[in-house]
Every structure is written in structure tokens, then in C-alpha cells.
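For the sequence shown, our numbering assigns the number 21 to the initial residue and increments by one for each residue that follows. Every residue, glycine too, gets a C-beta built ideally from N, C-alpha and C.
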Amino acid sequence: MSHKTPCPTDVHEAFRAVVHEYDVAQMAAKLGMPAGTLYNKANLNESSAHKPTLADAVLVQVIASDTRIVEAMAHTLGGVFVKLPTVQAISDVALLEMVADISIKNGQFHGELKDALADGKFSRDEHAAIHQRALIYISSILETVSRIEGMVDA
């Protein structure tokens, strides 16, 4: 989940960020709409009927390969978005490496937590770092489980 800027927690701000960072005119052309319409949909102060639809949000994310809108939506609903890996067959050695990687990510998460606790309180930056480290850790577990699923006999 790499983006040029941190993920906004507001869905409309996320839409604006994705559209503007991709380039409004290029995105509008791929969506088959006038650039002015997309500018209006991405304008946080727009009060007319020009608001992004759910279809707009999905297409913008697919075109830009950017998940910030769904991440902001998940945040709004009290959750998180975790992108699942593409399932493919892997060797036994690669699977063992993935399992070992889970332990490494676990240690990094707990190390981040321990460092942040050194002064007995958490800053916003420390929380953000712990949150990011947790998502990386969780993703490594989900990727391993998905890869194992790819090895299941049909």
C-alpha cells in the first residue's frame, strides 16, 4: 500500500488525493468523463450534485493502483484494509521463509511497541509507527495463509 502521501482518514479527501496525484486530466480520460466533472467530484468544497459515486471510487482506485479510498472507508467504519496477495504455488523452502518472516515481523512490531513505551506514553507519531508495523505483521500472516491455501489439494 504505497502512496505519495499518508492515507487520509476522510473518504472524500482520499478520493481527492488519489485523483490529483494520478493527474486529473489523465484519470478523467480513462474514466471517460470531462476533466471538469472529475475536478468537481474531487473538490472537497463542491456543494452541487458533482460527488463521486461508488463506481467512481472503485474505478479510480483500480486505475491508479491506489487503495487510499478503501483504506479511509475502512477507517471510518472502525476497521483496516489489508490487501491480500495473489495466490501462487510456492516451494517448501519459500513457505518456511514466509513463516520465518512472520516471526521477524512479530519481533519488529514488539520492538516498535517497546521503544514507544520507553517514556511511559504514546505520541501520535509513535502510534502511527506501531499501527503501520502491525499492518505489516498482519499482512505477512495473511500472505502466508493465502499461499498455503494455494497448496491445498483440490
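Local Cβ density within 10 Å of residue i, reported as buried at 16 or more and exposed below that
| i | result |
| --- | --- |
| residue 28 | buried |
| residue 47 | buried |
| residue 117 | exposed |
Cβ pair residue i, residue j closer than 9 angstroms
| i | j | result |
| --- | --- | --- |
| residue 57 | residue 121 | no |
| residue 155 | residue 119 | no |
| residue 31 | residue 73 | no |
| residue 92 | residue 41 | no |
Cα-Cα separation between residue i and residue j, rounded to whole angstroms
| i | j | result |
| --- | --- | --- |
| residue 126 | residue 160 | 9 angstroms |
| residue 153 | residue 63 | 32 angstroms |
| residue 157 | residue 68 | 42 angstroms |
| residue 9 | residue 166 | The displayed coordinates of the chain run from 21 to 174. Any statement about residue 9 would go beyond what the structure contains. |
| residue 22 | residue 149 | Low confidence applies to residue 22: its pLDDT is 48, below 50, so where it sits in the model is not reliable, and the reading given next is rough at best. Their Cα atoms are separated by approximately 15 angstroms. |
| residue 71 | residue 50 | 18 angstroms |
| residue 169 | residue 111 | 13 angstroms |
Exercise. Kindly confirm or deny that the segment 53-70 and the segment 81-94 touch, where touching means at least three C-beta pairs closer than 8 angstroms.
Key: No, the segment 53-70 is not in contact with the segment 81-94.
Quiz item: Can we say the segment 87-101 touches the segment 32-47, given the rule of at least three CB pairs closer than 8 angstroms?
Solution: Below 8 angstroms, enough C-beta pairs join the segment 87-101 and the segment 32-47 to call them touching: three or more.
Quiz item: Residue ranges of each beta strand (DSSP E) run of no fewer than 3 residues wholly in the segment 110-156, ordered along the chain?
Solution: none
Exercise. With a floor of 4 residues, list each alpha helix (DSSP H) that falls wholly inside the segment 24-105, ordered by position along the chain.
Key: Complete alpha helix (DSSP H) runs here, min 4: 31-42, 44-51, 55-62, 74-84, 88-96.
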